[in-house]
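First comes the structure, then the notes that go with it.
Number of protein chains: 2
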Amino acid sequence: MKLTLHTDYALRTLIYLGIHTDRLVSIREVAQVYGISENHLVKIIHRLGLGGFIETARGRNGGLKLARPASEIGIGDVVRYTEEDLGLVTCMQPEQAAAGHCCILSDVCRLRGVLGEALASFMTVLDHYTLEGMITPDERRRLGGREAGQAGNLSASDLKPAG
Amino acid sequence: MKLTLHTDYALRTLIYLGIHTDRLVSIREVAQVYGISENHLVKIIHRLGLGGFIETARGRNGGLKLARPASEIGIGDVVRYTEEDLGLVTCMQPEQAAAGHCCILSDVCRLRGVLGEALASFMTVLDHYTLEGMITPDERRRLGGREAGQAGNLSASDLKPAG
DNA sequence: ATAAAAGGTGTAGAAATTATACATCTTACG
DNA sequence: CGTAAGATGTATAATTTCTACACCTTTTAT
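Here you go:
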């Protein structure tokens with residue numbers, strides 16, 4: 001059991017945006033800072049936009065920013081949204097649950113209830129935290145003074161031109 | 001985020017064994033009842049044996065049984081054992097955590113702590129239940145009177161001979 | 001108006017994980 | 001000894017996840 005990189009990246013992107021609320025941040029910047037695939041990040045960020053977590057601006061000087069203050073973005077909400085498949089066992093997959101015939105244990109299967117309860121508990125913990133809580137002074141220091149290679153070993157002008 | 005089929009099957013097998021405590025159950029029987037691959041189940045069951053959850057007996061009239069009463073087998077323990085990889089994000093993978101340099105968020109990353117707490121909460125819920133709690137009278141009725149095709153649509157003698 | 005910068009979208013393929021099948025060995029019982 | 005049942009290892013198939021590439025759309029600066 002683990003969260004997908006999808007969720008991992010989404011959370012990190014949000015944290016980064018939460019630190020840089022004074023300006024728009026480009027996808028490329030986020031990808032470079034964390035050393036992850038820009039192409040992959042594009043899709044994750046797009047989804048975050050659809051989900052209303054961030055606002056995007058196209059065109060020159062465009063970029064990303066949080067749609068709401070970090071204090072109003074719940075970690076649980078992000079995970080719930082990013083992690084599409086929260087059915088823990090085959091019993092809980094929508095198709096099967098809908099059809100009513102999951103495993104032979106069927107609807108009297110307590111397993112489903114217990115796992116569901118555990119999952120709810122998991123989410124409840126996450127719901128107690130907001131993005132703001134993820135941003136410590138230490139991190140702000142680490143990722144905050146970035147402009148010219150504080151965060152990584154690259155300067156803003158090092159970004160490859162286009163092709 | 002979801003548990004592997006591995007865990008799913010392991011739990012179901014244990015439930016089945018918990019219902020049939022009066023005799024040894026063969027792997028083939030479990031596989032047929034749930035309609036899952038016998039070959040796959042073999043390995044899962046082997047691991048359950050290594051983990052001390054069940055006892056196996058080889059040879060003619062061999063089979064499986066719970067190593068302890070169902071009331072002493074915690075669901076959390078089973079999941080913890082079966083689900084090897086409980087690191088929720090790359091931050092938490094042992095290799096990386098050990099090396100101390102996970103993501104650039106590094107050790108001041110609160111994310112890790114929060115996800116860890118959520119996971120602990122998840123497991124705590126599971127720890128409140130034992131295998132015994134998973135076995136309801138309904139299920140016992142459903143899987144209990146099996147001998148000749150109550151559970152599936154097969155009789156004990158329908159099991160394919162060998163090759 | 002045009003060019004450049006940045007996000008949006010779709011597809012294809014690589015890599016990793018998970019599940020299944022097959023073959024063979026070991027053990028226990030009769 | 002022969003058979004039934006678990007133990008083990010390997011190989012293949014299926015699925016999921018990740019990456020790369022190509023091209024489109026929108027916005028802004030000149």
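Same order as they appear, the protein sequences are chains F and H. Here full-length UniProt numbering is used: the first residue of the first sequence is 1, the next is one more, and so on. Here full-length UniProt numbering is used: the first residue of the second sequence is 1, the next is one more, and so on. Virtual Cβ for every residue (Gly too), placed ideally from N, Cα, C.
Give me the Cβ distance between V79 of chain H and L3 of chain H, rounded to the nearest whole Å; I'm assuming they're in contact under 8 Å.
By a beta-carbon distance limit of 8 Å, V79 of chain H contacts L3 of chain H. Their separation comes to about 7 Å.
Work out the CA separation of A31 of chain H and L41 of chain H for me, nearest whole Å.
7 Å
Which of the three DSSP states is assigned to G63 of chain H in this structure?
strand
What does the Cβ neighbour count give for L105 of chain H, buried or exposed, with the cut at 16 atoms within 10 Å?
A caution first: L105 of chain H carries a pLDDT of 44, below 50, which makes its placement in the model unreliable, though a value can still be read off. Classification for L105 of chain H: buried.
Give the secondary structure of I54 of chain H by DSSP, where H, G and I count as helix, E and B as strand, and everything else as coil.
strand
Helix, strand or coil for T7 of chain F? Go by DSSP, reduced to three states.
Here T7 of chain F sits in helix by DSSP.
Buried or exposed for T13 of chain H, please, with buried defined as at least 16 other CB atoms from any protein chain shown within 10 angstroms of its CB.
buried
Quick one, are the C-beta atoms of L131 of chain F and I73 of chain F less than 8 Å apart?
yes
If we count the other Cβ atoms within 10 Å of its Cβ and call it buried at 16 or more, is A118 of chain H buried or exposed?
buried
Quick one: is G133 of chain H near chain F, going by C-beta distance under 8 Å?
At least one C-beta of chain F is nearer than 8 Å to the C-beta of G133 of chain H.
Which stretch, first to last residue, makes up the alpha helix (DSSP H) that contains Y34 of chain F?
27-34
How would you label G100 of chain H, buried or exposed, when you count the other beta carbons within 10 angstroms and need 16 or more for buried?
Legend: pLDDT at G100 of chain H = 36, less than 50; position of this residue unreliable, value from coordinates given subsequently. Flag for G100 of chain H reads exposed.
If you draw a straight line from the C-alpha of A10 of chain F to the C-alpha of Y34 of chain F, how long is it?
For the pair A10 of chain F and Y34 of chain F, the Cα-to-Cα distance works out to about 12 Å.
Going by the CB atoms, is the gap between L64 of chain H and L5 of chain H shorter than 8 Å?
no
Residues within the segment 115-133 of chain H neighbouring chain F, beta-carbon criterion of under 9 Å:
Cβ contacts with chain F come from L115, E117, A118, L119, A120, S121, F122, M123, T124, V125, L126, H128, Y129, G133.
Chain H contacts made by the segment 72-83 of chain F, where a contact means CB separation under 9 Å
I75, G76, V79, E83
Does P94 of chain H have its Cβ less than 8 Å from a Cβ in chain F?
Low confidence applies here, because P94 of chain H scores a pLDDT of 43, under 50, leaving its location unreliable; read the following figure in that light. It does not: the Cβ of P94 of chain H has no partner Cβ on chain F nearer than 8 Å.
In chain F, which residues lie less than 8 Å from L17 of chain H when you measure between Cβ atoms?
Residues of chain F passing the Cβ test: none, with the nearest at roughly 13 Å.
When DSSP labels each residue in this structure, what does T130 of chain H get in the three-state scheme?
strand
Output, in chain order, the set of chain H residues within a Cβ distance shorter than 7 Å of R110 of chain F.
Per Cβ cutoff of 7 Å: G133, M134, T136.
Quick check on the burial criterion: 16 or more other C-beta atoms within 10 angstroms. Buried or exposed for R112 of chain H?
buried
If we ignore side chains and look at the alpha-carbon of each, how far apart do R141 of chain H and F122 of chain F end up?
33 Å
Could you tell me which residues DSSP puts in a beta bridge with P74 of chain H?
Note on residue identity: the sequence assigns Gly, not Pro, to residue 74 of chain H. DSSP output for G74 of chain H lists H:T130 as bridge partner(s).
One question on the structure: do R110 of chain F and G76 of chain H come within less than 8 Å of each other, judged by their Cβ atoms?
no
Beta-carbon separation (whole angstroms), T7 of chain F vs T82 of chain F, contact threshold 8 Å:
4 Å
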